[in-house]
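Remarks on the structure that follows.
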Amino acid sequence: MINLLRQHKNYIKQSDTGCEFINPSLSSVVYIKRKEIVPNLEICKEAHPSYNFRKDYAVKKCKLNDICFNPSHISTISKKEQAWDDVKNKLELLKNSIDDPINDCWILKDKTIDKDGYIKIQINKKNLSLHRVSYMIYNDKTLNTSTIITHTCANKHCCNPHHLKIKLENDTSSPNNHPNSDISNDLALKIINSKGTNMSRKDKSEHFGVSVRSIERIEQFQTFKHLRSEKELNEFNNRTKRVTPIKKIVQKPPQEKLDNKYNEMLKHKTEYKNNSVNVNTPCWGWKSKSLSSTVLITYNKEKQMIHTFSWKYNNNKWDKIPKTHKISHKCNNKGCWNPDHLELSQLKTK
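In structure tokens form, the structure reads like this:
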């Protein structure tokens, strides 16, 4: 492929950079033997024939020229890695637009802000905080979900890696008036005592300088429970105490009605040859339907699978089948309802 591209009438090689490309008059698509190709993609496909470039991999293009196909200027990259590269490029553009990229805050213009006031971006279908992403990219580190990244600049929207640091266990250097900082016991008490006021959580967030989520967690006894009085804790526990539900007793349906239903089912039974080694009796099908699909019947105005009803009837067990179990087929035919071919089995755990 590289030789065919180099023989193209519009082939160009830049002597100063070494970039090789086909001079594009309208697009980056090139015709080789009447076939449309993207040169740098074809070179990567040829080098890695087992890679799926539609789903899992992409071309890491030449830094000097997007359409360059010089093999030493291009490489492959997984789509997951490319997503992180795209974010880094976005941060680099943001950095270059700032007068003092060390001291000034980096704030993205097009942003989505969560309820805690942090900027969120999506990478590989996951919503991540931009400041954490920036810290990981520029420090070449991965973070546990329990690791907290704080802002030395007291600006939640900032993603300047020079303004970010890992919060140590005994670190109290973050300014207390910043929404992202630790909440002191005194401040938490003020938030607790503001319960009787007409202030909304948003009003409290602005008044006390903490996030709405932090206010919510304090008011819902998720944090600072040690500051609560015994009376408050008892009231909260009584209010949230779970009532143990009474187990519903499943009554057996009337036998005569069950017999009539089962006898009616037997009228529509069709016997099929069974090829399974597990059982030696024929399979039962419903009318002329295939054994490869399940069949639903109606009993007491409720639809249920015919093989489940057949198993319950012949085993006289009418309790609800637990979610951890199912009625399985020894004959491996989903449409069979011969009770000799059915058994209660436990679902496989992942």
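Here numbering that gives the first Met the number 0 is used: the first residue of the sequence shown is 0, the next is one more, and so on. Glycine residues also receive a C-beta, built at the ideal position from the N, C-alpha and C atoms. If you're wondering where the values come from, they're calculated on a predicted model, not measured in any experiment.
Secondary structure of residue i, DSSP reduced to three states
| i | result |
| --- | --- |
| THR189 | Just to set this straight, residue 189 is Lys in the shown sequence, not Thr. In the structure shown, LYS189 sits in a helix (DSSP, three-state: H, G or I). |
| GLY284 | strand |
| LEU295 | strand |
| GLN13 | coil |
| SER133 | helix |
| MET0 | coil |
| TRP317 | coil |
| LYS166 | coil |
| THR222 | coil |
| LYS266 | helix |
| ALA57 | strand |
| TYR312 | helix |
| GLN254 | helix |
| GLN6 | coil |
| LYS272 | coil |
| VAL29 | strand |
| ILE101 | coil |
| SER289 | coil |
| SER199 | coil |
| SER210 | coil |
| SER173 | Low per-residue confidence applies at SER173: pLDDT is 47, beneath 50, and the placement is therefore not dependable enough to give any value. |
| PRO178 | Residue placement at PRO178 is poorly supported in this model, since its pLDDT is 42, which falls under 50; the coordinates are not used for a value here. |
Unbroken beta strand (DSSP E) run spanning residue i, endpoints
| i | result |
| --- | --- |
| PHE20 | 19 to 21 |
| LEU343 | 341 to 345 |
| LYS78 | Run containing LYS78: none in the beta strand (DSSP E); it sits in the alpha helix (DSSP H), 78 to 95. |
| SER327 | 324 to 328 |
| LYS302 | 301 to 304 |
CB of residue i within 8 Å of CB of residue j, strictly
| i | j | result |
| --- | --- | --- |
| LEU341 | ILE320 | no |
| ILE214 | ARG200 | yes |
| SER133 | LEU90 | yes |
| ARG212 | LYS54 | no |
| CYS158 | TRP105 | yes |
| LEU4 | PHE68 | yes |
| MET0 | GLU35 | no |
| HIS47 | THR75 | yes |
| LYS79 | ASN123 | yes |
| TYR298 | GLY284 | no |
| SER275 | GLY334 | no |
Contact belief for residue i with residue j at Cβ below 8 Å, rounded distance in angstroms
| i | j | result |
| --- | --- | --- |
| LEU346 | HIS324 | 6 Å |
| ASN129 | LEU163 | One point to set straight first is that residue 129 is Leu, not Asn, in the sequence displayed. About 11 Å separates the two Cβ atoms, so there is no contact after all. |
| LEU188 | LEU226 | 6 Å |
| ILE118 | LYS110 | 5 Å |
| ILE66 | PHE20 | 5 Å |
For residue i, the first and last residue of its enclosing alpha helix (DSSP H)
| i | result |
| --- | --- |
| ILE42 | 38 to 46 |
| THR239 | 229 to 239 |
| LYS194 | Neither: LYS194 is in no alpha helix (DSSP H) and is coded neither H nor E. |
Cβ-heavy atom distance, residue i to the ligand GDP, below 7 Å
| i | result |
| --- | --- |
| ASP109 | Of the ligands one can find in the structure shown there are none, so the ligand GDP has no counterpart to examine. |
Give the list of continuous alpha helix (DSSP H) stretches no shorter than 4 residues that lie fully inside the region 103 to 151.
Fully enclosed alpha helix (DSSP H) runs of 4 or longer: 129 to 138.
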